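Asker:
There are 2 protein chains.
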Amino acid sequence: MSVKLRMAGHLIRRLHQVSTHIFTQRMREAGFDLTPVQFAALESLRHNPGTDQAGLAQAVAKDRATIGAVVDRLEQKGLIARSVSQRDKRARVLALTEQGQNTIAAVLPVVEALQRDMLPGLSDAEYAQFIALASKAAEAAETLDTGAG
Amino acid sequence: MSVKLRMAGHLIRRLHQVSTHIFTQRMREAGFDLTPVQFAALESLRHNPGTDQAGLAQAVAKDRATIGAVVDRLEQKGLIARSVSQRDKRARVLALTEQGQNTIAAVLPVVEALQRDMLPGLSDAEYAQFIALASKAAEAAETLDTGAG
DNA sequence: AGAGAAAAGTAAGTAGACATATCAATTCTG
DNA sequence: CAGAATTGATATGTCTACTTACTTTTCTCT
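Protein chains in written order, with full-length UniProt numbering: chain A, 1 to 149; chain B, 1 to 149.
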């Protein structure tokens with residue numbers, strides 16, 4: 001067994017790559033042009049309309065600069081609206097447009113359906129276990145303040 | 001429980017982020033300037049000197065274009081040597097320089113030591129289980145030809 | 001041997017990801 | 001209330017990552 005197959009970091013990078021690949025592929029097949037992060041942003045705004053970019057960044061665990069660029073593209077696609085906040089002129093209030101709402105509604109089942117395929121070769125029990133372990137680790141990391149801020 | 005916490009893709013992205021963050025941080029603390037992928041490339045070349053860029057790309061599961069850029073930077077840092085292959089003038093033969101060998105030797109224990117911290121909040125048994133499940137999924141994905149080629 | 005397919009590397013373009021610095025606005029503190 | 005610290009957003013730079021297109025070289029098959 002090579003070194004890389006023992007390395008948590010390498011395995012995680014590999015899984016990340018696979019999941020991104022599957023996401024992009026299925027999305028294109030379904031006739032949509034959304035990246036994983038763009039989807040995450042839309043999904044987050046669906047539940048929390050009216051947040052600003054910093055809030056969105058925190059919600060999807062990315063930094064402000066990254067989310068700024070993501071928001072630019074989503075705005076250009078007409079999926080979200082960006083406006084200056086009244087109470088804080090620094091902040092940009094975000095919300096889904098009608099087209100954005102339609103898109104997320106249409107796309108959600110596709111995304112739910114592909115989750116399972118991101119971890120091929122695992123039984124249902126193993127899949128559930130993986131999700132449980134990953135959740136536990138991710139939450140612990142969040143507590144340790146490790147990651148994007 | 002929010003949607004994103006059920007989503008395999010989101011969890012994997014989050015773990016990827018945490019692992020990259022820890023890697024970069026510890027590396028810098030140890031006085032080195034190596035990214036995860038640069039490390040993976042060096043580690044691969046240590047075991048397989050004389051491969052070309054396409055071979056390296058396959059070994060670390062990235063595409064040729066990405067590895068080309070990574071190799072550029074490693075060459076500039078003086079860690080690897082790149083030369084035109086005699087038997088195939090298209091190919092670039094790669095090998096660690098002496099500095100590259102010293103670097104990977106010095107860095108390996110640091111990297112081994114931080115693997116565990118990439119998955120915080122997991123017991124030793126859970127960590128082992130995660131590695132096993134991730135390996136299984138990654139290998140299955142490889143078989144399905146999903147990912148970079 | 002010669003034509004066509006395949007492969008190695010590179011270039012250009014897009015997107016994510018983050019650090020750092022900067023600017024403007026807001027909040028905290030003395 | 002004035003100055004300081006903080007925060008929201010953006011700009012810049014670096015690195016990863018992949019696609020598509022292109023050149024050069026090699027391989028294959030007739």
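Each residue gets a CB set at the ideal place from its N, CA and C atoms; glycine is no exception. Note that the coordinates shown come from a computational prediction; the quantities given were computed from them, not determined experimentally.
By the 8 angstroms beta-carbon criterion, what residues does the region 2-30 of chain B contribute toward chain A?
Answerer: Those residues of the region 2-30 of chain B that come within reach of chain A (Cβ to Cβ, closer than 8 angstroms) are Ser2, Val3, Lys4, Leu5, Arg6, Met7, Ala8, Gly9, His10, Leu11, Ile12, Arg13, Arg14, Leu15, His16, Gln17, Val18, Ser19, Thr20, His21, Ile22, Phe23.
Asker: Can you check which of these residues, B:Phe23, B:Met27, B:Gln25, B:Ala8, is closest to Ser19 (chain A) by C-alpha distance?
Answerer: Of the candidates B:Phe23, B:Met27, B:Gln25, B:Ala8, the one whose C-alpha sits nearest the C-alpha of Ser19 (chain A) is B:Ala8.
Asker: Assuming the contact rule is C-beta atoms closer than 8 angstroms, Leu11 (chain A) and Ser135 (chain B) should be a hit. Round their C-beta distance to whole Å, please.
Answerer: 6 angstroms between Cβ atoms; contact.
Asker: Quick one: what does DSSP say Leu34 (chain B) is sitting in, helix, strand or coil?
Answerer: Leu34 (chain B): coil per DSSP, three-state reduction.
Asker: CA-CA distance, Val70 (chain B) and Ala40 (chain A)?
Answerer: Near 29 angstroms, if we compare the C-alpha coordinates of Ala40 (chain A) and Val70 (chain B).
Asker: Could you tell me the distance, in whole angstroms, from the CA atom of Val93 (chain B) to the CA atom of Gln53 (chain B)?
Answerer: So the two alpha carbons sit approximately 7 angstroms from each other.
Asker: Please classify Leu56 (chain B): is it buried, with 16 or more other beta-carbons within 10 angstroms of its beta-carbon, or exposed?
Answerer: Classification of Leu56 (chain B): buried, given that the 10 Å Cβ count is 16 or more.
Asker: I need the boundaries of the alpha helix (DSSP H) containing Ser83 (chain B), first residue and last residue.
Answerer: It is not in any alpha helix (DSSP H) - Ser83 (chain B) instead sits in the beta strand (DSSP E) that spans 80-84.
Asker: Are the region 112-122 of chain A and the region 64-84 of chain A touching by the rule of at least three beta carbon pairs closer than 8 angstroms?
Answerer: Too few Cβ pairs lie closer than 8 angstroms, so no.
Asker: Give the residues of chain B in contact with Pro36 (chain A), contact being defined as C-beta atoms less than 7 angstroms apart.
Answerer: Within 7 angstroms Cβ-Cβ: Gly9, Arg13.
Asker: Using the Cα positions of Ala91 (chain B) and Ala106 (chain B), report the straight-line distance between them to the nearest angstrom.
Answerer: Using only the alpha carbons, I get a separation of about 30 angstroms.
Asker: DSSP has Asp52 (chain B) in a bridge; who is on the other side?
Answerer: Answer by DSSP bridge pairing, in chain order: B:Val93.
Asker: So Ile131 (chain B) contacts chain A; which residues on that side make the cut at Cβ distance below 8 angstroms?
Answerer: By Cβ distance, chain A contributes Arg6, Ala8, Leu11.
Asker: Using CA atoms only, rank isn't needed, just tell me which of A:Pro36, A:Gly121, A:Ile80, A:Ile67 is closest to Pro49 (chain A).
Answerer: Out of A:Pro36, A:Gly121, A:Ile80, A:Ile67, A:Ile80 has the C-alpha closest to the C-alpha of Pro49 (chain A).
Asker: Which word fits Gly147 (chain A), buried or exposed, when buried means at least 16 other C-beta atoms lie within 10 angstroms of its C-beta?
Answerer: For Gly147 (chain A), the predicted model reports a pLDDT of 43, less than 50, meaning its position is unreliable and no value from the coordinates is stated.
Asker: Does Leu94 (chain A) get closer than 7 angstroms to chain B when you measure Cβ to Cβ?
Answerer: Not closer than 7 angstroms to any Cβ of chain B, the Cβ of Leu94 (chain A) fails to qualify, so no.
Asker: Spatial neighbours of Val37 (chain A) within its chain, please: C-beta separation below 6 angstroms, excluding the five flanking residues on both sides.
Answerer: Closer than 6 angstroms at Cβ, skipping near neighbours: Val70.
Asker: Please state whether DSSP places Gly9 (chain B) in a helix, a strand or coil.
Answerer: In the structure shown, Gly9 (chain B) sits in a helix (DSSP, three-state: H, G or I).
Asker: Mind pulling the chain A residues with CB within less than 8 angstroms of Gln58 (chain B)?
Answerer: Neighbours of Gln58 (chain B) on chain A: none; closest Cβ ~12 angstroms, over 8 angstroms.
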